[in-house]
Amino acid sequence: MDLNTFWFILMGALLTGYAILDGFDLGVGILHLFVKKDEERRLLMNSIGPLWDGNEVWLVTFGGALFAAFPHAYATAFSGFYLPFMLLLFALIFRAVSMEFRSKQEMRWWRQMWDVSFTGASTLATFLFGVAVGNMMKGLPIGPDMEYTGGLFNLLGPFPLLTGVLAVATFAMHGSIYLYLKTEGNLQKRIQRWMWTTFGVFLVLYMLTTMATLVMLPSAVKNFQEIPWAWVVVVLNVLAIANIPRAIYLGKPGYAFISSAATIAALTFLFGFDLFPNMIVSSIDPAYNLTIYNAASSQKTLGIMRWIAILGMPFVLSYTVAIYWIFRGKTKLGKFSY
Amino acid sequence: MDLDVLFLSRFQFALTIMFHYLFPPLSIGLGVVMVITEGMFLKTKNRQYEVMARFWTKIFAVVFAMGVATGIVMEFEFGTNWATYSRYVGDVFGSPLAAEGVFAFFLESGFLAVLVFGWDRVGPKMHFFSTLMVAFGSMFSAVWIVVANSWQQTPAGFHIVGEGMMARAEITDFWTMVFNPSSVDRLTHTLIGAFILGGFFVMSITAWYILHKRHMVVAKQGFTIGLAVATIASLAALVSGHHQAQTVSVTQPAKLATFEGHFKTGPADLWLFGIPDPDQQKVHMGIAIPGGLSFLVHGDFDADVTGLDAIPEDEHPPLQIPFQTYHLMVALGMYFIFITLLASFFRWRGTLFDKRWLLWVFVFSIIGPYIANQAGWIAAEVGRQPWIVYGLLRTSDALSKAVSAEEVLTSIILFTIIYLFLFAIWLYIMNDKIKHGPDDVSELESGMEGGLLETVGERAGTGGASLTNPRDKDGKEG
């Protein structure tokens, strides 16, 4: 495997880590307004309190690694998606401060304001991620100089809107299963109903998106001809999705969570598999595609960066495991809670 | 002034980075104070120190959250507003940013969770270790960011590949890039600036408590720790600043000439203040030490220092902003040395806490390090213009081609509104926390008991009695 492919896979791994981990805390944010009592809202926020910041670092690291390994892809995508990225930034800012500020004052309007901001920002961020994925799958109007030539409204076609909504449904489902694991009693009973609802919505949207992809973007399956074993992932994905309701029904939410994480991983894999070896597909002319070769840094940089990854990632994984272990168990409110 | 993409993008970058830079230096500085305070607690077992450590942790969490929220903007902005720059430098500049993510951010955010939420979940030693890791993590972030920025100031360890619009820098030697000629000096100075800010921040709050006769024991301890940090850091800032000026004279002569309003190559004066005038090639209404700059740079009052006349006209940085911000930073640096030495003297005599006037001075002095930190960065960044990468790529060539002025203007308006709003709220929350102050030792003990029981309950597998602290209900804690 050459360094460019290695980095493409590693970017995929970072994106998968991000989608699984921040996926559940974004999902908690999406569902936040569905509980009404103040104490329950605090429980929801505190279930992700110690974790969301570390989860978001996966995105930050993804951004840094994209800049370093594939600077042209970074530059083209970020300047091309200018306003959506600004909206995403505002959403991420508001999400962070909503959690930090919400419980610091007692006034009803104050808490209400940050609750709305928390849900709004979480939903918007997730939706924008989904829209971005849809656009990347569809291809962007990229000219010969690697620059985006479209406008804002090019980005809001029916397919990207569909993937945007699918992202919201996926994270909401993932978040509800996480919340089921972290809560108890009456609240947990209500969350059980959410799991069913969000799963149903997810399933419908997933099937719609699959059909839309096959009809509108038949080239999405081109790589399966060359690497037929990738069908295994599709089968595993279907099994993982099917296992979610089974595990919920059998009262094994841990397995449901693993299955929804596996579903997210499979979807991220299929997205990367669809693109490979392109990073950004030009809808004007395939000759203008940004690939893992023409968009990449030099071999020297990719080699140095591989060392950074090899040295750093074991630490990252070990603190992640340690922190999740320290904060295991049901969420309780205490003196140091939000 | 034209509202073109160049001006707007520069304005946006300045706005977002200055706002972001309100938080990281305070995190770094407070990190040191937290490590010392909690270390004192572990060593002496004196609960007063624990009270203080917990209090600083809460303040730290609010500062840190703002730093994270506004920091992610910076990483995206290279791509959104400066895409051509990103293409040009990605091969070199990207790796420190990625290293920051892998080596610093994960460390910080992971242990921050233990620091803020883990008091009752881990033992005191593990908690102290987490504090230490968060403090280190925040400094590692500074390391990689300052390395990346220093490479823009004094590029090294790379070569240029391709021509014209397709030219870009490619790395040849990673460590030469990391230890480029200005990295170490600039990093040292930046960290010292953050320590000064942390020290003054702590002194400002604790002085206010002492003046209002509240939390007297912890406030006096806290003030002493803050004073020690700030005194050492202020003296170190002088040494490191001097050293840095010498480096700048070699690596970026245009910048030093701008800082000192030195128009003609030859012996150079050291201005204490003044108004440089590029048309008449002189500094108005100023006071200077004749030959002072020559002496500081070369150890000789008559030595030649490169003036702006040796630099092509179209490579001159703007004059007024770097000159004034640089002098402001230096003057404030002198003030920090004076005031901390004075306070240290009274502290040694044991009369400091009776000098109400001096405590009031410290309450308001917090503004000083804030201005000095910001001014130092402005001087460094504007002094590099018109280059975005010194001598290689002009700022005007670094923009995103796919972005229109309207888009940038829209985002600036939104940033301005949102940042003003957030800043107001942040001040309100900080003010509220500071007014509430640290808990008394007795409150801490009742809180600890709850936490302990809860933990025991959990370990025993009973699910734990949910001992919600009564304070939580009135919402003061949170």
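As you go down the protein sequences, you meet chains U and H in turn. Letter 172 of the first sequence, counting from 1, is numbered 172 in the working numbering, and no numbers are missing. Letter 59 of the second sequence, counting from 1, is numbered 397 in the working numbering, and no numbers are missing. Just so you know, even glycine gets a beta-carbon here, dropped at the ideal spot from N, CA and C.
Can you name the residues that DSSP bridges to residue i?
i: residue 725 of chain H; result: H:732
i: residue 496 of chain H; result: H:509
i: residue 625 of chain H; result: H:611
When you compare only the Cα positions, how much space is there between residue i and residue j?
i: residue 344 of chain H; j: residue 272 of chain U; result: 35 Å
i: residue 592 of chain H; j: residue 646 of chain H; result: 6 Å
i: residue 425 of chain H; j: residue 115 of chain U; result: 40 Å
i: residue 205 of chain U; j: residue 270 of chain U; result: 16 Å
i: residue 642 of chain H; j: residue 649 of chain H; result: 15 Å
i: residue 28 of chain U; j: residue 45 of chain U; result: 8 Å
i: residue 599 of chain H; j: residue 656 of chain H; result: 11 Å
i: residue 765 of chain H; j: residue 528 of chain H; result: 24 Å
i: residue 448 of chain H; j: residue 398 of chain H; result: 15 Å
i: residue 303 of chain U; j: residue 310 of chain U; result: 11 Å
i: residue 261 of chain U; j: residue 175 of chain U; result: 10 Å
i: residue 733 of chain H; j: residue 727 of chain H; result: 8 Å
i: residue 140 of chain U; j: residue 151 of chain U; result: 10 Å
i: residue 110 of chain U; j: residue 120 of chain U; result: 15 Å
i: residue 740 of chain H; j: residue 282 of chain U; result: 15 Å
i: residue 594 of chain H; j: residue 586 of chain H; result: 6 Å
i: residue 385 of chain H; j: residue 771 of chain H; result: 20 Å
i: residue 75 of chain U; j: residue 540 of chain H; result: 41 Å
i: residue 9 of chain U; j: residue 409 of chain H; result: 26 Å
Out of the options, point me to the one whose CA is closest to residue i's CA.
i: residue 695 of chain H; options: H:739, H:681, H:586 and H:565; result: H:681
i: residue 563 of chain H; options: H:626, H:350, H:421 and H:367; result: H:367
i: residue 147 of chain U; options: U:208, U:246, U:77 and U:8; result: U:77
i: residue 493 of chain H; options: H:520, H:502, H:483 and H:501; result: H:520
i: residue 343 of chain U; options: H:373, H:450, H:342 and H:365; result: Only positions 1 to 338 of chain U appear in the structure, and residue 343 of chain U is not among them; the question remains open.
i: residue 15 of chain U; options: U:42, U:59, U:53 and U:1; result: U:59
i: residue 484 of chain H; options: H:526, H:541, H:700 and H:342; result: H:526
i: residue 724 of chain H; options: H:501, H:653 and H:584; result: H:653
i: residue 220 of chain U; options: U:32, U:185, U:317 and U:278; result: U:278
i: residue 68 of chain U; options: U:300, U:196, U:319 and U:31; result: U:300
i: residue 446 of chain H; options: H:454, H:547, H:430 and H:475; result: H:475
i: residue 72 of chain U; options: H:376, H:505 and H:547; result: H:505
i: residue 756 of chain H; options: H:388, H:358, H:428 and H:443; result: H:358
i: residue 307 of chain U; options: U:128, U:23, U:47 and U:65; result: U:65
i: residue 169 of chain U; options: U:255, U:199 and U:330; result: U:199
i: residue 3 of chain U; options: U:312, U:296 and U:42; result: U:296
i: residue 423 of chain H; options: H:758, H:452 and H:507; result: H:507
Under the three-state reduction of DSSP, which class applies to residue i: helix, strand or coil?
i: residue 148 of chain U; result: strand
i: residue 15 of chain U; result: helix
i: residue 769 of chain H; result: helix
i: residue 83 of chain U; result: helix
i: residue 643 of chain H; result: strand
i: residue 291 of chain U; result: strand
i: residue 140 of chain U; result: strand
i: residue 107 of chain U; result: coil
i: residue 740 of chain H; result: coil
i: residue 296 of chain H; result: A query on residue 296 of chain H cannot be resolved here, the shown segment of chain H reaching from 339 to 816 and no further.
i: residue 501 of chain H; result: coil
i: residue 460 of chain H; result: coil
i: residue 123 of chain U; result: helix
i: residue 649 of chain H; result: coil
i: residue 372 of chain H; result: helix
i: residue 245 of chain U; result: helix
i: residue 778 of chain H; result: coil
i: residue 487 of chain H; result: helix
i: residue 32 of chain U; result: helix
i: residue 9 of chain U; result: helix
Inset, instruction - Run through the segment 503–591 of chain H for me and flag every whole alpha helix (DSSP H) of 4 or more residues, listed as ranges in chain order. - result: 512–516, 521–549 and 554–589
Legend entry - 3 or more residues per run - each beta strand (DSSP E) lying fully within the segment 148–234 of chain U: Note on the segment 148–234 of chain U: there is no whole beta strand (DSSP E) run with a minimum of 3 residues.
Legend entry - alpha helix (DSSP H) runs wholly inside the segment 590–623 of chain H, at least 4 long, in chain order: 591–597
Inset, instruction - At 4 residues or longer, and completely inside the segment 674–728 of chain H: list those alpha helix (DSSP H) runs for me, N to C. - result: 694–703 and 705–720
Inset, instruction - Could you tell me which uninterrupted beta strand (DSSP E) segments, each at least 3 residues in length, are contained entirely in the segment 252–329 of chain U, listed from first to last along the chain? - result: 278–280
Inset, instruction - May I have a chain-ordered list of the alpha helix (DSSP H) segments no shorter than 4 residues that lie completely inside the segment 47–86 of chain U? - result: 52–69 and 71–80
Legend entry - Those runs of the beta strand (DSSP E) which lie wholly inside the segment 411–454 of chain H and span at least 3 residues: none
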